[in-house]
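The next block holds one structure in the form of structure tokens; read it before the comments.
Residue numbers (the numbering used here), protein chains in the order written: chain F, 157 to 576; chain U, -10 to 248.
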């Protein structure tokens, strides 16, 4: 199979299996799951999702089912097309700090922790990447763009050329072509064409997922502690790995439990209502959320690509032609996205203001991952606009390590004292 | 009413005993590796100076990085709130303080206050130690000087040296290179001070340096640095008589509310 990287110059894949590192990775997930387990009055439907992070059951299942697995990164690898092809998408963006040192044997130190963390897994021969047949990687930022060259040592990599400027002409001009090219690659991989009804089915399934998430989100706005934000992100991020119909069934159960539990009136927000914006917070790097909980406040909203943004949007399945549906898919990834990889950031700011007002937040936390330049560069204007709208905001500049937990606690605690 | 404030910083632990409007005692010691024990010792020693018994204390508030290890206190608050309350208590002859620059062991903070003296906004350095008290310590060690000597040397500087590195480790290497080029210690120190002052000025500009601007924390004891910081900011700083104790004092002030 042809890949985006010609095999002219080759580098042998680096393999460094290390049981010690793998054990730390497992322990990080187990510790977080145990911590979440101990939350007071926690809903009983939630432990289901923990298993997707703490066990290898799903990975084994994927091997048994013998379906093609497409490893994806970012928000932009079109799930609709992967599902329509009968394949399974698995999102490989990682939040583990323990794999970073492993990745630094090849990758430079001064790139974002998400890319380093994710790349540690193929070197270790561990994690979800083991189950993948191919990787779909959008060129959303510099680090992700170059990451493909490293991943190509291990698996075929399909780069997805993402535009940098949001405009309708550009969308028709080449992003739609890029989407079609992606579909073509999937068809080549599977040896069969995707037909309109198959894509329509996939769109319908993903619309159901979005509607379910929206209902859950709206219920949670009134009763935020039905799901702590850690639990909400766990539910959202478990959808990176789970079988889609099963995830929808389980989440319907969760939603019904939420509806019942909301009647008890026990789940009102504690302390201040906060929103998180900025770089993704990915399992198990929930340190900021854990600190906020420990300080007695509640995160009620976020705009992150591995959080709210992930499940809120969908492509409307009301088109009948393949062409029409592909156009809807193309638009769905560009226009609602609040990723700072696009310029300009004005619609991201609109969305932050909307979410903050809707969730009646007392303050916003801008999560800045060290060496993620695009979020960092957008910060100034976002912060300015929030302040002009009388919404207090604090920036937390951090990475995946645990060593700055006390510094972060001081900043967050002082922020909470300030907005008293 | 007798209250106490303990500020367990990354480098030094400070204690203040307060009786209404009067500061009865101040105590400072290195935080060391057992901050809880140090906090107890600092409190005992300051009570001794104030000629008081532990049971005469009505309320004790802790602050600083180690604030949560103090299990014998009644409450803990962050050093940002403590700093605001401390500076409000001390007042300044130049008028109302609207901004505080605090240079501590591992933090630089610029705190903007509102008319009531409450925290309006604040900025801090991230986890990197560049430009903090710890940074000054490292540089002093590379120059074989005591921390207290930096100010005196800095004032003797005749020639402007620009230090480019902002990372503590790289700055130390840069200092070593400058020594190898036979540059005078006093010029190196003034250069280091200027690089810290520039960093603080950038942070200050982000949040707005509304006057009167106070300068607190252990860093404010370095007079040579204060002079360079004033030059860099282009304004006169209000430096309290006890800059290092402002946060501990603020904690003792907060303790008066007893809640």
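Built from N, CA and C at the ideal position, the CB exists for glycine as well. Predicted, not measured: the structure shown is a model, and the values here were computed from it.
- Any idea what DSSP makes of residue 66 of chain U, helix, strand or coil? coil
- Task: Report the neighbours of residue 570 of chain F on chain U: residues whose CB is nearer than 8 Å to its CB, in chain order.
- Result: 67, 68, 69, 70, 108 and 111
- Query: Helix or strand or just coil, what does DSSP make of residue 182 of chain U?
  - Reply: helix
- Out of F/300, F/438, F/523 and F/284, state which residue places its alpha-carbon closest to the alpha-carbon of residue 252 of chain F. F/438
- Given that a residue counts as buried once 16 or more other Cβ atoms are within 10 Å of its Cβ, and exposed if not, what is residue 45 of chain U? exposed
- For chain U, find out if any of its Cβ atoms is closer than 8 Å to the Cβ of residue 573 of chain F; answer yes or no. yes
- Query: Do three or more CB pairs link the segment 139 to 146 of chain U to the segment 210 to 220 of chain U at distances below 8 Å?
  - Reply: yes
- Item | Chain-order list of residues whose beta-carbon lies under 8 Å from that of residue 464 of chain F (same chain, five-residue window excluded) | 373, 392, 457, 458 and 511
- Message: Quick check on residue 26 of chain U: buried or exposed, where buried means 16 or more other Cβ atoms within 10 Å of its Cβ?
- Response: exposed
- Query: Under 7 Å Cβ-Cβ, which residues of chain F neighbour residue 48 of chain U?
  - Reply: Within chain F, no residue comes near residue 48 of chain U; the closest Cβ sits about 18 Å away, beyond 7 Å.
- Buried or exposed (CB count within 10 angstroms, at least 16 for buried), residue 526 of chain F: buried
- Item | Beta carbon of residue 368 of chain F nearer than 8 Å to that of residue 404 of chain F | yes
- Query: Under 8 Å between the Cβ atoms of residue 406 of chain F and residue 201 of chain F?
  - Reply: yes
- Query: residue 115 of chain U CB to nearest chain F CB: under 8 Å?
  - Reply: yes
- Item | Start-end ranges of the beta strand (DSSP E) lying completely within the segment 384 to 443 of chain F, minimum 3 residues | 429 to 434
- Using DSSP with H/G/I as helix, E/B as strand and the rest coil, what is residue 306 of chain F? helix
- Around the C-beta of residue 82 of chain U, are 16 or more other C-beta atoms found within 10 angstroms, so that it is buried, or is it exposed? exposed
- Between which two residues does the beta strand (DSSP E) harbouring residue 99 of chain U extend? 97 to 102
- Contact residues within the segment 32 to 59 of chain U, judged by C-beta distance below 7 Å to chain F: 54
- Message: For the pair the segment 553 to 569 of chain F and the segment 186 to 204 of chain U, tell me if three or more CB-CB distances fall below 8 Å.
- Response: no
- Limits of the beta strand (DSSP E) - the one that residue 250 of chain U falls within: It is not possible to answer for residue 250 of chain U, since the shown part of chain U is limited to -10 through 248.
- Item | Beta carbon proximity, residue 567 of chain F to chain U, threshold 8 Å | yes
- Task: Compute the Euclidean distance between the alpha carbons of residue 428 of chain F and residue 207 of chain F, then round it to the nearest angstrom.
- Result: 31 Å
- Cβ pair residue 226 of chain U, residue 5 of chain U closer than 8 Å: no
- Selected residue, minimal CA-CA separation from residue 591 of chain F, among F/366, F/243, F/277 and F/432: With chain F represented from 157 up to 576, any question about residue 591 of chain F goes unanswered, as that position is not in the structure.
- Query: At a Cβ threshold of 8 Å, is residue 252 of chain F touching chain U?
  - Reply: no
- Item | Classification of residue 166 of chain U by the beta-carbon crowding that lies within 10 angstroms, buried from 16 upward | exposed
- Can you tell me whether DSSP reads residue 470 of chain F as helix, strand or coil? coil
- Please determine if the segment 247 to 264 of chain F and the segment 221 to 239 of chain F are in contact, where contact requires at least 3 C-beta pairs separated by less than 8 Å. yes
- Message: My parser needs the alpha helix (DSSP H) runs of 4 or more residues fully inside the segment 124 to 184 of chain U; what are they?
- Response: 138 to 144 and 157 to 169
- Counting Cβ pairs closer than 8 Å, one from the segment 116 to 123 of chain U and one from the segment 83 to 99 of chain U, do we hit at least three? yes
- Message: Let me check understanding here. Comparing Cα to Cα, which of F/505, F/574, F/317 and F/375 lies closest to residue 544 of chain F?
- Response: F/505
- Task: Please name the residue, chosen from U/137, U/109 and U/161, that lies closest to residue 127 of chain U on a Cα-to-Cα basis.
- Result: U/161
- Task: Could you pull out every unbroken alpha helix (DSSP H) segment of at least 4 residues lying fully inside the segment 500 to 528 of chain F, listed in chain order?
- Result: 502 to 514
- In whole angstroms, what is the alpha-carbon distance linking residue 541 of chain F and residue 548 of chain F? 10 Å
- Message: Whole angstroms are fine: how far does the CA of residue 228 of chain U sit from the CA of residue 11 of chain U?
- Response: 19 Å
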